[in-house]
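Numbering (my numbering), first residue to last: 48 to 444.
From the three backbone atoms N, C-alpha and C, an ideal C-beta is built for every residue, glycine too.
The next block holds one structure in the form of structure tokens; read it before the comments.
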Ligand SMILES: [Zn+2]
């Protein structure tokens with residue numbers, strides 16, 4: 048399928064710059080997606096993965112290389128016959144994507160190529176928290192990064208802690224006090240002239256880890272985020288598990304300690320009451336009769352301060368219980384623990400590991416826990432990956 052023009056217009060009259068991806072057939076896109084997710088791949092390996100004969104693959108891959116979507120890597124390996132294998136990879140510059148993560152007081156943006164590699168980043172404070180004010184802040188960041196890189200992004204992705212409908216409307220966001228649905232995707236699209244999608248921030252982070260991060264190539268894994276709230280993302284059979292309730296943060300109220308403190312919803316010892324930054328800081332402050340921050344509570348526990356150590360150890364055991372519950376109920380035994388509060392997993396790792404092991408069947412697969420320090424860039428890469436997915440998988444979502 049050849050497309051003669053480089054642009055099309057959407058229903059809002061917004062111009063969409065076409066990429067080499069848009070101009071390929073569905074079969075060719077399937078091949079390119081396999082290379083994007085698993086490449087670089089030798090032609091023989093790619094043919095095997097797709098169940099194609101080497102001759103068919105060579106015929107189908109030709110237009111992808113000629114069309115600027117796939118290229119041969121420069122570092123040639125050698126195949127069994129001793130001939131160079133010349134693995135294929137996706138041409139990084141075949142698309143550009145903006146990812147913007149919103150937090151209560153700032154927006155952090157990255158611009159990536161089609162392989163989700165971050166080219167540069169920028170951030171801006173959010174002073175005006177009205178929908179129009181937030182959309183303007185996003186549009187300014189998009190403008191800044193597109194000018195700096197000298198490219199027109201093909202899609203914009205935005206992530207926020209909140210309930211997001213149809214990757215477009217924010218149904219509620221406690222961050223900004225929005226209780227009426229806000230069609231942020233359309234607002235940003237009108238302001239930037241670029242098609243825009245919106246995602247819950249934990250969902251976005253998990254999808255980015257699945258395609259390009261710590262979960263790349265894994266059939267199943269989970270992400271637990273610890274911070275102001277407790278988040279959970281699950282990938283099964285390589286697909287992010289999504290539901291209309293995903294942005295509610297349902298894991299926050301999972302019961303972990305029948306003797307624990309109450310959360311604002313009245314749950315005794317739920318994840319939020321036991322694990323959130325605020326919960327640990329508040330419980331330590333009450334015990335010490337002076338205000339301490341979350342980090343101070345962890346520091347005091349490490350120094351052996353008895354009250355701080357009790358609170359932090361209880362929190363760590365609750366985290367171990369949550370980890371075991373996730374593994375037991377979802378069969379994900381690889382779990383990434385991250386977020387502002389993930390220091391807990393390192394500060395009281397022994398208590399966490401002991402509780403997680405105690406709650407597992409001894410015959411079950413050993414847990415594989417990772418505690419990467421993910422930066423604001425990594426979080427902003429999340430919505431950029433949703434933006435990439437809307438380009439490369441238009442048929443499935
Ligand atoms: Zn609760």
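Sorted by chain position, which residues of the same chain lie with C-beta nearer than 6 Å to residue i's C-beta, five sequence neighbours on each side aside?
i	result
residue 251	206, 429, 430 and 433
residue 255	428, 429 and 432
residue 321	303, 304, 307, 362 and 365
residue 94	101 and 104
residue 356	348
residue 223	176
residue 212	218
residue 208	222 and 248
residue 233	none
residue 436	none
Quick one: does the C-beta of residue i sit closer than 8 Å to a heavy atom of ligand 1?
i	result
residue 319	yes
residue 312	yes
residue 226	no
residue 170	no
residue 299	yes
Less than 7 Å between C-beta atoms, sequence neighbours within five positions excluded: which residues of the same chain meet that for residue i?
i	result
residue 315	305, 307 and 309
residue 289	250
residue 324	274, 275, 341, 387 and 388
residue 188	147, 154, 156, 169 and 171
residue 253	270, 280, 282 and 287
Roughly how far, in whole angstroms, is the beta-carbon of residue i from the beta-carbon of residue j, given that I think they are within contact range, below 8 Å?
i	j	result
residue 371	residue 407	5 Å
residue 111	residue 164	Their Cβ separation, rounded to whole angstroms, is 20 Å, which puts residue 111 and residue 164 out of contact at 8 Å.
residue 136	residue 156	26 Å between Cβ atoms; not a contact.
residue 367	residue 401	7 Å
residue 447	residue 414	This structure cannot speak to residue 447, because the chain is shown only from 48 to 444.
residue 438	residue 201	6 Å
residue 243	residue 203	4 Å
residue 199	residue 193	6 Å
residue 225	residue 291	Actually they do not touch by this definition, with Cβ atoms about 17 Å apart.
residue 294	residue 416	In fact, because the Cβ distance is near 25 Å, the residues do not count as touching under 8 Å.
residue 257	residue 285	7 Å
What are the residues that DSSP puts in a beta bridge with residue i?
i	result
residue 281	269
residue 247	207
residue 144	159 and 202
residue 149	154
residue 137	117
residue 416	382
residue 229	217
residue 165	159
residue 500	Since the first and last residues shown for the chain are 48 and 444, residue 500 lies out of range.
residue 315	309
residue 302	317
residue 286	283
residue 88	135
residue 343	Answer is none; residue 343 lacks a bridge partner.
Between residue i and the rest of its own chain, which residues show a CB-CB distance below 8 Å, the 5 nearest in sequence each way excluded?
i	result
residue 50	Residue confidence is low: residue 50 scores 37 on pLDDT, short of 50, so the model does not pin down where it sits. Its coordinate-derived value is still stated next. Contacts found: 65, 69 and 70.
residue 115	67, 138 and 141
residue 82	88, 93, 117, 135, 136 and 137
residue 369	271, 277, 298, 301, 303, 318 and 322
residue 358	327, 330, 331, 334, 344 and 348
residue 196	143, 158, 166 and 167
residue 399	363, 364, 366, 367, 370, 391 and 392
residue 96	81, 85 and 88
residue 442	Caution is warranted here: a pLDDT of 48 is assigned to residue 442, below 50, making its placement in the model unreliable, and the coordinate value is therefore given only provisionally. 73, listed in sequence order.
residue 152	172 and 173
residue 444	Bear in mind that a pLDDT of 39 at residue 444, under 50, signals an unreliable position, so the number given afterwards is only what the model happens to contain. Excluding positions up to five away in sequence, the list reads 214, 436 and 437.
- Task: Report yes or no: do three or more beta-carbon pairs, one from the stretch 370 to 387 and one from the stretch 268 to 279, lie closer than 8 Å?
- Result: yes
- Contact between the stretch 178 to 185 and the stretch 223 to 237: three or more CB pairs below 8 Å? yes
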